[in-house]
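Chains A and B are the protein sequences, given in the same order. So for the first sequence, the numbering used here puts the first residue at 192; every next one is plus one. So for the second sequence, the numbering used here puts the first residue at 361; every next one is plus one. Have a look at the structure below, then the notes.
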Amino acid sequence: MGQAGNNILDCRGLAVTFGGVQALRQVDFSVEPGSITAVIGPNGAGKTTLLNVISGLVNADAGTVVFQGEDITAFPPYKRALAGAVRTFQNLEIFHNMTVLENVMTGSHRRIPYTVFDSLLKTPRYWREEKQCLQYAERELEFVGLLDKKDMPAVELPFGSQRLLELARAIASSPQLLLLDEPAAGLNIRETGDLGRTIRRIRDERGITVVLVEHDMDLVMRISDTITVLNFGEQIARGKPLEIQKNHQVIAAYLGEDDNL
Amino acid sequence: MLAVLGFALFLLGLPWLVTNDYYINLLTLSLNHAIIVVGLNLLMGYAGQVSLGHAAFYGLGAYTTAILTTRYFFPLPLGMASGVLTAGVVACLIGIPTLKLKGHYLAMATLGFGVIVYIFFNETIGLTGGPSGFTGVSRLHIQGHKFTDRSYYYLVSLVLTGVVLLSLNIIHSRIGRALRALHSSETAAQIAGIDIAKYKIFVFVLSALFAGLAGVLYAHNIAFVAPSSFGFNFSVELVTMVVLGGMANVWGAVIGALFLTILPEFLRIFENIEILLYGAILIVFVIFLPEGIAGAIVKFFTFLKTKRSDGAGGK
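So this is what it looks like as structure tokens:
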């Protein structure tokens, strides 16, 4: 790792402090294009903070974030999304005032750049791009298996389906990088298995690079190419799943404790 | 589109139902209110931003055209355009700092703004005529032909139909989705690539432009403007129209404005207890129709639909 230019994402020396707590201390984090990279670590290790810094929801006190060769450290969240880095949320942030389909169409916002005047006057461009938007959305709903529920209010979906909806909304923007924050939280074993396959397909069929923060070790070990381990805001290990499983520091900090849960 | 056409025909036919010119003027006023409320509903119902100062934009539109056409001899079209534009420009200046505030703070900030504008109308007597109002505004005319009460009604109907059509077009577009998205979750909206600050200012300015437009039409209809029409009470009444009509429903806004403008006239006959009845009716509506009149209508039809499909399914 480390050769800038080869990586789709390069974070250098990230530091974040909340009050007296150092959530991240000098974290370097890079992601190779086309990979599935997992970030694991005990609770409070700084995993979600790392995702928040990458997506711009939290500003780092120090460090830089370079995405596809462009320094996006100072970008607000929406510009990072426009640049092609989107995410999902642990505590689901679906649009409760919309249908399933409208949620995913909103995800395609950046792909249909028609103007206010196009919408006011319903110009041919409006019709053309709205039609495209509908196609994008239906395609992604089919991809996650929710197409038959497209006209339902999004809030009426069961929890597991809402997770898939968030996934569909995220990929509907056709991102280069997808950040997933604990996508398996609250899912049962079968749903988690399906989710793992869906994440793989997102990478394999859509060519989207995936970063996931996850507690479910089975899922992480099964689908990840690379794993980064954080503990107390620091990176303590990085490697392939098998290497991480054998790493004594990791076992001491994380896996040993996790087994007791 | 069909709904808009039907609405236009309804407005066209409405005057045939009333005989008295007084009622025509009442209808004109209620449609004028509807122009503001449709805009305020875009802001509140769709984008979730509460404004308690929209009467100020209505007043800015009315006073600007009144003063410019009377005292500075602006031709009518130019004065009217200036009125609408003033409301928009002021909204832009106010919106940039206040729309960073969330929830109750935004409501407080717009309330403060409304009060300041109201005081301005009252105190700058040399400019606005102060509390006794500004007289001598000319009734709208085109090449010497003055509008009658009836033709003015049609003019306001036409403008309202246009406002409704434009609003519907915005809602059924990526812009409408962006507004609803930031209402639901500002975080998720940003992650979808939506510049929430830009959209908030856009919808705030648009709603102020509609309010300014209504103000201009008001001034050249009544030919007299006074601060009391543009105070805090009216701002609250506008919000009530949005809520009672149905949040996030363009037709709800129209229904709310018509209902609450016309209702007091019907309650007149009760004299002393008029205001009590008015309050009681509001309470009953809010309790039994929490989603507003339009929301209740939508629910009723969905209910009928599901009932019918259940029946067909043999349940």
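Every residue gets a Cβ at the ideal spot worked out from N, C-alpha and C, and that includes glycine.
Residue i - DSSP class collapsed to helix/strand/coil
| i | result |
| --- | --- |
| threonine 400(A) | strand |
| glycine 214(A) | One detail in the question is off: residue 214(A) reads as alanine in this sequence, not glycine. Reduced to three states, the DSSP call for alanine 214(A) is strand. |
| histidine 287(A) | coil |
| glutamate 261(A) | strand |
| glycine 673(B) | Note that glycine 673(B) has pLDDT 46, beneath the 50 cutoff, so the model's placement of it is unreliable and the number below is only indicative. The answer is coil: DSSP assigns glycine 673(B) none of H, G, I, E or B. |
| glutamine 426(A) | strand |
| leucine 421(A) | strand |
| alanine 424(B) | The amino acid at residue 424(B) is misidentified as alanine; the sequence shows threonine. The answer is helix: DSSP assigns threonine 424(B) an H, G or I state. |
| serine 221(A) | strand |
| phenylalanine 280(A) | coil |
| threonine 208(A) | strand |
| valine 256(A) | strand |
| leucine 452(A) | Because leucine 452(A) carries a pLDDT of 43, less than 50, the predicted location of this residue cannot be relied on, and the following value inherits that uncertainty. Three-state DSSP puts leucine 452(A) in coil, outside helix and strand. |
| valine 519(B) | helix |
| arginine 319(A) | helix |
| lysine 659(B) | helix |
| isoleucine 231(A) | strand |
| leucine 325(A) | helix |
| phenylalanine 431(B) | Residue identity differs from the one stated: residue 431(B) is arginine in this sequence, not phenylalanine. Note: arginine 431(B) maps to coil in three-state DSSP. |
| lysine 462(B) | coil |
Cut-off 8 Å between Cβ atoms - residues of its own chain near residue i, not counting five sequence neighbours on either side
| i | result |
| --- | --- |
| serine 352(A) | Leu337 and Lys340 |
| lysine 560(B) | Ala407, Gln409, Gly455, Leu459 and Leu542 |
| glycine 419(B) | Val477, Tyr478, Phe481, Gly575, Val585, Pro587, Ser589 and Phe590 |
| alanine 451(B) | Phe417, Phe564, Val565, Ser567, Ala568 and Leu569 |
| phenylalanine 266(A) | Gly247 and Ala274 |
| leucine 623(B) | Tyr638 and Ile641 |
Residue j beta carbon less than 8 Å from that of residue i
| i | j | result |
| --- | --- | --- |
| glutamine 367(A) | threonine 400(A) | yes |
| alanine 251(A) | valine 207(A) | yes |
| glycine 275(A) | arginine 360(A) | no |
| serine 246(A) | isoleucine 551(B) | yes |
| arginine 394(A) | proline 374(A) | no |
| tyrosine 656(B) | asparagine 401(B) | According to the sequence provided, residue 656(B) is alanine. The question's tyrosine does not apply to it. No, these two residues do not count as a Cβ contact at 8 Å. |
| asparagine 294(A) | alanine 253(A) | no |
| leucine 292(A) | aspartate 342(A) | yes |
| serine 310(A) | isoleucine 535(B) | yes |
| valine 444(B) | glycine 421(B) | yes |
| threonine 488(B) | tyrosine 423(B) | yes |
| leucine 627(B) | glycine 616(B) | no |
Pairwise C-alpha distance: residue j and residue i
| i | j | result |
| --- | --- | --- |
| glutamate 261(A) | alanine 368(B) | 53 Å |
| valine 548(B) | phenylalanine 258(A) | The displayed chain sequence assigns alanine, not valine, to residue 548(B). Answer to the nearest angstrom: the Cα atoms are 20 Å apart. |
| threonine 430(B) | tyrosine 269(A) | 47 Å |
| valine 378(B) | isoleucine 395(B) | 22 Å |
| phenylalanine 590(B) | valine 516(B) | 19 Å |
| isoleucine 285(A) | leucine 248(A) | 17 Å |
| isoleucine 647(B) | leucine 358(A) | 38 Å |
| isoleucine 494(B) | leucine 569(B) | The sequence as given places phenylalanine at residue 494(B); isoleucine does not occur at that position. Taking the straight line from one Cα to the other gives about 22 Å. |
| leucine 372(B) | tyrosine 327(A) | 41 Å |
| isoleucine 428(A) | asparagine 438(A) | The sequence shown places alanine at residue 428(A), not isoleucine. The straight-line gap from Cα to Cα measures roughly 8 Å. |
| glutamine 194(A) | phenylalanine 209(A) | Low local confidence applies: a pLDDT of 47 at glutamine 194(A) is under 50, so the model's placement there is unreliable, with the coordinate-based value given in what follows. Looking at the two C-alpha atoms, the distance is approximately 31 Å. |
| glutamate 434(A) | isoleucine 418(A) | 9 Å |
| aspartate 201(A) | aspartate 385(A) | 30 Å |
| asparagine 451(A) | methionine 408(A) | In this predicted model, asparagine 451(A) has a pLDDT of only 46, less than 50, meaning its place in the structure is not dependable enough to derive any value. |
| serine 415(A) | histidine 464(B) | 45 Å |
| threonine 239(A) | asparagine 288(A) | 26 Å |
| serine 511(B) | histidine 580(B) | 13 Å |
| phenylalanine 334(A) | methionine 296(A) | 14 Å |
| valine 658(B) | phenylalanine 433(B) | 49 Å |
| alanine 583(B) | leucine 598(B) | 22 Å |
| leucine 215(A) | isoleucine 442(A) | 21 Å |
| threonine 228(A) | leucine 332(A) | 24 Å |
| phenylalanine 468(A) | alanine 654(B) | Beyond the ends of chain A as shown, which are 192 and 452, falls residue 468(A); an answer cannot be given. |
| threonine 600(B) | phenylalanine 592(B) | 12 Å |
| glutamate 546(B) | threonine 290(A) | 18 Å |
| valine 644(B) | proline 375(B) | 30 Å |
| isoleucine 263(A) | valine 244(A) | 11 Å |
Residue i: contacting residues in chain D (beta-carbon distance under 7 Å)
| i | result |
| --- | --- |
| glycine 553(B) | Of the protein chains in the structure, A and B, none is chain D. |
Other residues of its chain near residue i: CB distance less than 7 Å, five sequence neighbours each side excluded
| i | result |
| --- | --- |
| phenylalanine 630(B) | Leu637 |
| valine 398(B) | Val523, Val524, Ser527, Phe570, Val610, Ala613 and Val614 |
| glutamate 625(B) | Leu386 |
| glycine 413(B) | Thr470, Leu471, Phe473, Gly474 and Ser595 |
| glutamine 440(A) | Ile427 and Ala428 |
Residues of its chain near residue i, where Cβ-Cβ distance is below 6 Å and the 5 sequence neighbours each way are ignored
| i | result |
| --- | --- |
| leucine 371(A) | Thr279 and Leu403 |
| alanine 538(B) | Ile554 and Tyr559 |
| aspartate 463(A) | Examination of residue 463(A) is not possible in this model, given that chain A is present from 192 through 452 alone. |
| leucine 620(B) | Met601 |
Task: Sequence ranges, alpha helix (DSSP H) only - wholly within the region 361–399 of chain A, length at least 4 - done: Those alpha helix (DSSP H) runs which fall completely within the region 361–399 of chain A and span 4+ residues are 380–397.
Open item on the list: In chain order, what are the residue ranges of uninterrupted alpha helix (DSSP H) at least 4 long that sit wholly in the region 578–654 of chain B?
Closed with: Counting whole runs of 4 or more residues, the region 578–654 of chain B contains the alpha helix (DSSP H) stretches 592–605, 610–627 and 634–648.
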